[in-house]
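There are 2 protein chains.
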Amino acid sequence: MTFKYKNVYINETGTVVGPYEKEGPLVNYFDKSYNDFYFNKKTFEQAESKLIEDSVDIVLDKLDKTRFDIDLFISGDLLNQLMSSNYAASTLGIPYFGIYNACASSVEGLILASNMVEAGQIKNCICSVSSHNNTAEKQFRYPVEYGGPKPKTTTFTTTGSASAYLSYNKEGIKVESATIGVVKDLGIKDAYQMGAVMAPAAAYTIYKHLKDTKREVSYYDLILTGDLGSIGKKILTEYMQTEYNIELKNYDDTATMIYDLENQDVYSGGSGPACAPLVTYGYIFSLMKKKKLKRVLLVATGSLHSVSSVNQKLTIPSIAHAISLEVVE
Amino acid sequence: MTFKYKNVYINETGTVVGPYEKEGPLVNYFDKSYNDFYFNKKTFEQAESKLIEDSVDIVLDKLDKTRFDIDLFISGDLLNQLMSSNYAASTLGIPYFGIYNACASSVEGLILASNMVEAGQIKNCICSVSSHNNTAEKQFRYPVEYGGPKPKTTTFTTTGSASAYLSYNKEGIKVESATIGVVKDLGIKDAYQMGAVMAPAAAYTIYKHLKDTKREVSYYDLILTGDLGSIGKKILTEYMQTEYNIELKNYDDTATMIYDLENQDVYSGGSGPACAPLVTYGYIFSLMKKKKLKRVLLVATGSLHSVSSVNQKLTIPSIAHAISLEVVE
Numbered sequence: 007m008t009f010k011y012k013n014v015y016i017n018e019t020g021t022v023v024g025p026y027e028k029e030g031p032l033v034n035y036f037d038k039s040y041n042d043f044y045f046n047k048k049t050f051e052q053a054e055s056k057l058i059e060d061s062v063d064i065v066l067d068k069l070d071k072t073r074f075d076i077d078l079f080i081s082g083d084l085l086n087q088l089m090s091s092n093y094a095a096s097t098l099g100i101p102y103f104g105i106y107n108a109c110a111s112s113v114e115g116l117i118l119a120s121n122m123v124e125a126g127q128i129k130n131c132i133c134s135v136s137s138h139n140n141t142a143e144k145q146f147r148y149p150v151e152y153g154g155p156k157p158k159t160t161t162f163t164t165t166g167s168a169s170a171y172l173s174y175n176k177e178g179i180k181v182e183s184a185t186i187g188v189v190k191d192l193g194i195k196d197a198y199q200m201g202a203v204m205a206p207a208a209a210y211t212i213y214k215h216l217k218d219t220k221r222e223v224s225y226y227d228l229i230l231t232g233d234l235g236s237i238g239k240k241i242l243t244e245y246m247q248t249e250y251n252i253e254l255k256n257y258d259d260t261a262t263m264i265y266d267l268e269n270q271d272v273y274s275g276g277s278g279p280a281c282a283p284l285v286t287y288g289y290i291f292s293l294m295k296k297k298k299l300k301r302v303l304l305v306a307t308g309s310l311h312s313v314s315s316v317n318q319k320l321t322i323p324s325i326a327h328a329i330s331l332e333v334v335e
Numbered sequence: 007m008t009f010k011y012k013n014v015y016i017n018e019t020g021t022v023v024g025p026y027e028k029e030g031p032l033v034n035y036f037d038k039s040y041n042d043f044y045f046n047k048k049t050f051e052q053a054e055s056k057l058i059e060d061s062v063d064i065v066l067d068k069l070d071k072t073r074f075d076i077d078l079f080i081s082g083d084l085l086n087q088l089m090s091s092n093y094a095a096s097t098l099g100i101p102y103f104g105i106y107n108a109c110a111s112s113v114e115g116l117i118l119a120s121n122m123v124e125a126g127q128i129k130n131c132i133c134s135v136s137s138h139n140n141t142a143e144k145q146f147r148y149p150v151e152y153g154g155p156k157p158k159t160t161t162f163t164t165t166g167s168a169s170a171y172l173s174y175n176k177e178g179i180k181v182e183s184a185t186i187g188v189v190k191d192l193g194i195k196d197a198y199q200m201g202a203v204m205a206p207a208a209a210y211t212i213y214k215h216l217k218d219t220k221r222e223v224s225y226y227d228l229i230l231t232g233d234l235g236s237i238g239k240k241i242l243t244e245y246m247q248t249e250y251n252i253e254l255k256n257y258d259d260t261a262t263m264i265y266d267l268e269n270q271d272v273y274s275g276g277s278g279p280a281c282a283p284l285v286t287y288g289y290i291f292s293l294m295k296k297k298k299l300k301r302v303l304l305v306a307t308g309s310l311h312s313v314s315s316v317n318q319k320l321t322i323p324s325i326a327h328a329i330s331l332e333v334v335e
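Just so you know, the sequences run in chain order W and E.
Just so you know, we're using our numbering here: the first sequence kicks off at 7 and counts up by one.
Just so you know, we're using our numbering here: the second sequence kicks off at 7 and counts up by one.
The following block contains the structure:
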């Protein structure tokens with residue numbers, strides 16, 4: 007399912023990160039960073055909520071608007087029942103839709119908002135996502151064994167939140183088109199292999215997007231997945247070639263960009279719903295605004311497993327959504 | 007945030023229930039029912055997925071369509087990371103958006119779909135929700151103490167799934183307007199008091215809907231909340247009067263309709279995302295088709311707590327979304 011847009015722009019963004027991301031190569035592209043994991047809150051979960059509130063506050067400050075000026079707040083995170091989004095929505099008091107497609111939630115939100123802005127049903131929307139390394143470890147991997155090694159295919163959940171303000175105002179980055187993904191499941195049961203789990207979903211969505219828009223890979227200055235990790239990235243490149251006879255060019259993955267994979271102990275790279283939009287809104291948008299990149303296809307990928315599904319030894323379904331972003335001339 | 011629609015209709019629905027709902031007063035209004043809680047699946051969670059697949063299959067059968075004819079599948083449930091929706095989406099292979107606003111997810115989905123159908127962005131959509139008594143008990147109340155009594159304010163999670171097919175075809179029930187809710191939190195921390203938790207959110211959404219549409223309560227033949235339960239229903243009636251000076255007339259709550267509260271051991275009534283749409287698509291739509299009801303405002307209410315938030319003794323935020331349904335003349 008592919009949509010084309012004429013009147014949707016990401017006018018402003020807000021990005022907040024934790025200590026690992028602060029030590030990473032993109033630190034100068036984020037609006038705010040913390041040195042600890044609590045941010046003056048009592049629990050990791052409440053801290054994650056604060057990340058969302060912070061990133062929304064940054065957006066509102068940049069726009070010189072208040073929460074009363076915002077028509078809709080769409081948010082998602084990895085916590086059971088979207089705990090961090092719910093409490094942020096409670097603090098903000100903006101009409102709220104919670105969404106969940108794991109780490110594809112960022113683009114799910116952008117597509118939903120873009121459709122409503124394009125149709126004139128809302129005049130603006132703030133789309134947020136968050137993730138927090140400690141809430142994710144606690145929820146998905148408890149008990150985390152002290153000193154226990156993990157396989158190199160593991161990704162490291164990013165601590166941060168990214169928010170985007172969308173409206174029909176012709177400022178910032180244009181949302182040009184988008185493709186909703188289909189769930190793919192190639193039978194992998196290992197939750198430490200998320201890159202391999204998600205690569206087929208990413209491949210299908212890229213293929214479908216190019217087909218629906220009648221475009222070649224070369225149309226885009228950058229195709230950016232998030233987050234397959236260093237190993238999943240290679241799998242995607244090979245799988246695109248084998249399955250769809252498409253050679254990926256100008257391709258990168260946000261998991262491998264947010265950290266220094268050589269010097270930070272983050273296995274295959276970053277993950278979590280926040281990783282892809284943090285890299286995109288921070289680093290990629292700065293390149294786009296300098297016209298170093300004009301057309302970017304952001305493909306957010308989500309691994310749709312839970313502790314229950316892993317314990318029941320079920321195969322892991324995955325999904326990817328794509329959004330085409332362009333510089334406003 | 008209130009939307010008006012001209013070209014959106016719920017053409018067909020599919021409803022599937024479990025054994026308790028089968029013993030309830032509305033049994034004749036559901037499309038399919040089961041006598042056990044497993045439905046030939048190995049786990050409760052996989053069984054819940056099957057409920058969704060069943061209800062979608064029923065819709066497709068009634069329409070004489072296949073899954074390839076459907077543009078979008080929107081689904082939500084109570085399970086961590088939307089486990090049952092994810093596996094149903096994997097089986098169906100329709101472009102998929104996962105959503106979560108707890109028991110308000112049904113109307114969240116209907117609003118998102120209605121906006122896209124109204125704008126002509128999609129030609130149709132299937133919106134599903136599910137809940138399963140045993141998956142909910144296991145996830146939210148584990149360890150469930152054997153023989154342990156519960157307070158009378160408790161609600162009983164409905165086992166079932168309800169799916170609706172929306173398109174611009176002028177058949178079935180017209181979606182006339184809708185209002186997105188705002189999160190309300192009056193400080194209650196007791197997850198056995200969900201009616202009291204959600205009543206203020208329902209009250210605000212009803213008030214906002216009437217204000218935005220410049221309507222009186224009497225405009226609607228029925229205002230239907232789901233699910234406040236027998237106690238929450240009284241709280242809402244009083245709260246509407248005190249807080250907004252609105253006297254609720256022609257008002258009922260789906261929690262009190264799906265079971266026989268006198269003779270079934272279900273405390274304050276039904277709950278779970280499936281309860282409100284099961285009652286609405288089954289029983290209420292049959293009354294509407296007979297023109298016994300012409301205008302119905304369905305207000306789905308969600309309690310946005312999780313095991314973590316309850317364990318951290320946080321107050322419980324809640325939300326309600328409203329959708330106005332009319333008989334096509």
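Ideal Cβ placement from N, Cα and C applies to all residues, glycine included.
Predicted, not measured: the structure shown is a model, and the values here were computed from it.
Separation of ASN92(W) and SER236(E) (C-alpha to C-alpha, rounded to the nearest whole angstrom) is 26 angstroms. Our two residues, MET200(W) and GLY238(W), have alpha carbons roughly 8 angstroms apart in a direct line.
With the criterion set as a beta carbon lying under 9 angstroms from some beta carbon of chain W, the members of the segment 287 to 310 of chain E are GLY308, LEU310, in sequence order.
Contact between ILE76(W) and ALA197(W) does not hold, since their C-beta atoms are separated by about 36 angstroms, which reaches or exceeds 8 angstroms. A Cβ of chain W is located within less than 8 angstroms of the beta carbon of LEU85(E). Between PHE45(W) and GLY115(W), the alpha-carbon positions lie close to 26 angstroms from each other. With a contact defined as Cβ atoms closer than 8 angstroms, LEU293(E) and ASN256(E) miss out at about 12 angstroms.
Taking C-alpha positions only, ALA168(W) is separated from VAL189(W) by approximately 25 angstroms.
For ASP258(W), the pairing in a beta bridge is given by DSSP as LEU230(W). Closest option to ALA125(E), judged by alpha-carbon separation, among LEU192(W), ALA53(W), TYR11(W), LEU331(W): TYR11(W). Contact annotation for SER137(W) against chain E: no contact, minimum CB-CB distance about 13 angstroms [criterion: below 7 angstroms].
With a 10 Å radius around the Cβ and a threshold of 16 neighbouring Cβ atoms, LYS214(W) comes out buried. With a threshold of 8 angstroms between beta carbons, GLY104(E) makes contact with chain W.
Boundaries of the beta strand (DSSP E) around GLY82(E): 79 to 82.
Measuring C-alpha to C-alpha distances from PHE162(E) to each of GLU27(E), THR307(E), ILE179(E) identifies GLU27(E) as the nearest. By the rule that beta-carbons nearer than 8 angstroms mark a contact, LEU228(E) does not touch chain W.
The C-beta of GLN199(E) comes no closer than 8 angstroms to any C-beta of chain W. Collapsing the DSSP output to three states places TYR106(E) in coil. Closer than 8 angstroms to the CB of TYR250(E) there is not a single CB belonging to chain W. Listed in chain order, the positions of the segment 21 to 49 of chain E with a beta carbon within less than 7 angstroms of a beta carbon of chain W are THR49.
If only uninterrupted beta strand (DSSP E) runs of at least 3 residues are considered, those enclosed by the segment 103 to 160 of chain W are 130 to 137. DSSP lists SER173(W), LYS180(W) as the beta-bridge partner residues of TYR15(W). The secondary-structure analysis by DSSP pairs LEU303(W) across a beta bridge with ILE229(W), SER330(W). One finds PHE103, GLY104 in chain E with Cβ atoms closer than 8 angstroms to the Cβ of GLU114(W), taken in chain order. For MET7(W), the chain E residues whose C-beta falls within less than 8 angstroms of its own C-beta are ASP77, LEU78, PRO101, ILE128, listed in chain order. The alpha-carbon of VAL302(E) is positioned some 30 angstroms away from that of LYS56(E).
Comparing C-alpha distances from GLU177(E) to each of ASN130(E), PRO101(E), GLN270(E) shows the shortest one belongs to ASN130(E). As computed with DSSP, GLY308(E) is found in a beta bridge with ILE325(E). Taking 8 angstroms as the upper bound on Cβ-Cβ separation, chain E lies near residues VAL313, SER314, SER315, GLN318, LEU320, PRO323, ILE325 of the segment 313 to 326 of chain W.
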